[in-house]
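The listed protein sequences correspond, in order, to chains C and G. In short: position in the first sequence from 1, add 11, done, that's the working numbering. In short: position in the second sequence from 1, add 11, done, that's the working numbering.
2 protein chains.
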Amino acid sequence: MNRDSRIVPSRYPKRAHHDPETIYPILDEALFCTMSFVHEGRVRSIPQSIVRVGDAVYFHASVGSHFFRSLAELEEVCITVTLADDIVVAKTAFNHSVNYRSVVMWGKPEVIDEHDEKYAAFKTLTEKMVPGSWDYLLPMTDKQMAKTMAIKVPITEASAKVRQGPPSDVESEEPIWTGLIPIKTVRGAPVPGPDAAGISLPAHLVSPTSVKE
Amino acid sequence: MNRDSRIVPSRYPKRAHHDPETIYPILDEALFCTMSFVHEGRVRSIPQSIVRVGDAVYFHASVGSHFFRSLAELEEVCITVTLADDIVVAKTAFNHSVNYRSVVMWGKPEVIDEHDEKYAAFKTLTEKMVPGSWDYLLPMTDKQMAKTMAIKVPITEASAKVRQGPPSDVESEEPIWTGLIPIKTVRGAPVPGPDAAGISLPAHLVSPTSVKE
Chain C
12 MNRDSRIVPS RYPKRAHHDP ETIYPILDEA LFCTMSFVHE GRVRSIPQSI
62 VRVGDAVYFH ASVGSHFFRS LAELEEVCIT VTLADDIVVA KTAFNHSVNY
112 RSVVMWGKPE VIDEHDEKYA AFKTLTEKMV PGSWDYLLPM TDKQMAKTMA
162 IKVPITEASA KVRQGPPSDV ESEEPIWTGL IPIKTVRGAP VPGPDAAGIS
212 LPAHLVSPTS VKE
Chain G
12 MNRDSRIVPS RYPKRAHHDP ETIYPILDEA LFCTMSFVHE GRVRSIPQSI
62 VRVGDAVYFH ASVGSHFFRS LAELEEVCIT VTLADDIVVA KTAFNHSVNY
112 RSVVMWGKPE VIDEHDEKYA AFKTLTEKMV PGSWDYLLPM TDKQMAKTMA
162 IKVPITEASA KVRQGPPSDV ESEEPIWTGL IPIKTVRGAP VPGPDAAGIS
212 LPAHLVSPTS VKE
């Protein structure tokens, strides 16, 4: 990946990271991203589920999606993920902050038609969303593969920003509490749908696990 | 707000909403957004905390931020928030989905210098991040006000997309569990910082409350 001067923050350069060791785990933890691009001279954004396989991220939609087909004609898209870890509480509102990990990346979208690459992207996404589920579900059919379009965006430029730690010091003797309020994204107990009557919860869904500790 | 043909999804038009009654609560529940814009012909995005007051959303940064100052020269920015509610588990990976509420909006950023509007934006943001805290904290000073830049983006075009409900039916008699895995964003117990020794936790922080039920 190239170091990208566009996304080196001028105020807090020490928060910026450009190594895959920092960037990839953030992409892997985030279930959703925002994809942004320029269309007819204007900026647009859409939320998307995201999965990384190797040095690329993948997206999917119905082959009937005109929007998705037009994505592949773009020179580049910008993809952003944000993981919030803590609200940072200081003695002043002014010194409040947020502990977070975020990634901004760019790449040129391309439609993937190769079976194995497409299959791997769907399998990895399914296992990311519901770990342990792929082998339990009905197998993906060739017909379903044909009805689903996969878009790959190689990670050609990327940058992470990370803020962790306690609040900035404020020179005040006032007895005002300061610290962190953790923000956690957790999975609740599975809620059976109308077709689940009489079907026992599979082992991989029995223990709700945290999406983000 | 104008109905915006750019963001009416062609695949699932019934998921789109254009009324403030749907859009504003989503903006109010999301602590963070992605702000996207075109700079020198290329698309950029940055994560930001977001607060709505009336028919606008507000952002803040140090007055020393060149980036923030340049924002006000843009004709428009695109702001996206996404709230994930459930992973929708079907019998096939193909029919998996996500229950979510998202908003995409556009507006022209402007720097706010008027004291009362700026103060209201900071107070509302602080109360959104840490409910009940504004009157407990050291009062915001004129010096702090002068060091902080506020950017307002009027909500001139906006659209919400909402998917809620059980998985799509799959014609299969296989006893495979289907339903929802709720995703919840919750606040953990406050963690005292290094300056909090001997200071008791204020009442508004005693009961951790869920960010998103």
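For glycine and all other residues, C-beta sits at the position ideal for the given N, C-alpha and C.
Ranked by Cα distance from Phe-43(G), the first of Thr-93(C), Arg-55(C), Glu-121(C) is Thr-93(C). Secondary structure at Glu-121(G): strand, using DSSP grouped into helix, strand and coil. With respect to chain C, the C-beta atom of Ala-104(G) has a partner C-beta closer than 7 Å. For a Cβ distance threshold of 7 Å, residue set Leu-149 of chain C lies close to Glu-185(G), ordered along the chain. By the CB criterion at 7 Å, His-28(C) and Ala-171(C) fall inside the cutoff. Ile-187(G) sits in coil when the DSSP states are folded into three classes, being neither helix nor strand.
Ranked by Cα distance from Thr-91(G), the first of Val-74(G), Met-116(G), Ile-98(G), Asn-106(G) is Met-116(G).
Residues of chain G with a Cβ closer than 7 Å to the Cβ of Ala-95(C) are, in chain order, Leu-42, Phe-43.
Shown here, Val-217(G) sits in a helix according to DSSP, grouped into three states. Pro-178(C) is a Cβ neighbour of Ala-101(C), given a cutoff of 7 Å. The distance from the Cβ of Lys-119(G) to that of Glu-86(G) is about 6 Å, consistent with a contact at the 8 Å cut-off.
Between Tyr-111(C) and Arg-198(C), the gap from beta carbon to beta carbon reaches 7 Å or more.
Interface annotation for the region 194-218 of chain C against chain G: Ile-194, Lys-195, Thr-196, Val-197, Arg-198, Gly-199, Ala-200, Pro-201, Val-202, Pro-203, Gly-204, Pro-205, Asp-206, Ala-207, Gly-209, Ile-210, Ser-211, Leu-212, Pro-213, Leu-216, criterion Cβ-Cβ distance under 8 Å. If you check the CB distance, Ser-113(C) and Pro-205(G) do not come in under 7 Å. A residue is called buried when at least 16 other Cβ atoms come within 10 angstroms of its Cβ; Phe-78(C) does not meet this threshold and is exposed. In this structure, DSSP gives Ala-101(C) a state outside helix and strand, which the three-state scheme calls coil. Using a Cβ-Cβ cut-off of 7 Å, Phe-133(C) is close to Ala-104 of chain G, given in chain order. Following the DSSP letters along the chain, one finds Thr-45(G) in no alpha helix (DSSP H) but inside the beta strand (DSSP E) bounded by residues 43-50. According to DSSP, residue pairing for Gln-59(C) in a beta bridge involves Cys-44(C). Between the C-alpha atoms of Leu-149(C) and Val-74(C) there is a straight-line separation of about 21 Å. Ala-169(C) sits away from Ile-123(C), with the two beta carbons spaced by 7 Å or more.
For Thr-189(C), at least one C-beta of chain G is nearer than 7 Å to its own C-beta.
With contacts defined by Cβ atoms closer than 7 Å, Val-49(G) and Val-141(C) do not form a contacting pair.
Counting every other CB atom within 10 Å of its CB across the protein chains shown gives Ser-144(C) a total of 16 or more, marking it as buried. In terms of beta-carbon proximity, Pro-58(G) lines the interface with chain C, with at least one pair separated by less than 7 Å.
When the beta-carbon positions are compared, Ser-60(C) and Cys-89(C) stay at least 7 Å from each other. Assignment of His-71(G) by DSSP, reduced to helix, strand and coil, places it in the strand class. Taking all protein chains shown into account, Leu-191(C) has 16 or more neighbouring C-beta atoms within 10 Å of its C-beta and is therefore buried. Exposure of Ala-208(G) is indicated by the presence of fewer than 16 other C-beta atoms within 10 angstroms of its C-beta. A buried status is given to Thr-137(G), since no fewer than 16 other beta-carbon atoms sit within 10 Å of its beta-carbon. In this structure His-107(C) is buried. Its beta-carbon is surrounded by 16 or more other beta-carbon atoms within 10 angstroms.
Inter-residue distance for Glu-84(C) and Ile-187(C) is about 55 Å (C-alpha atoms, whole angstroms). Chain C places no beta carbon closer than 7 Å to that of Gln-175(G), leaving this residue out of the contacts. Look at Ser-179(C): its C-beta is not under 7 Å from any C-beta on chain G. With contacts defined by Cβ atoms closer than 7 Å, Lys-163(G) and Ala-67(G) form a contacting pair.
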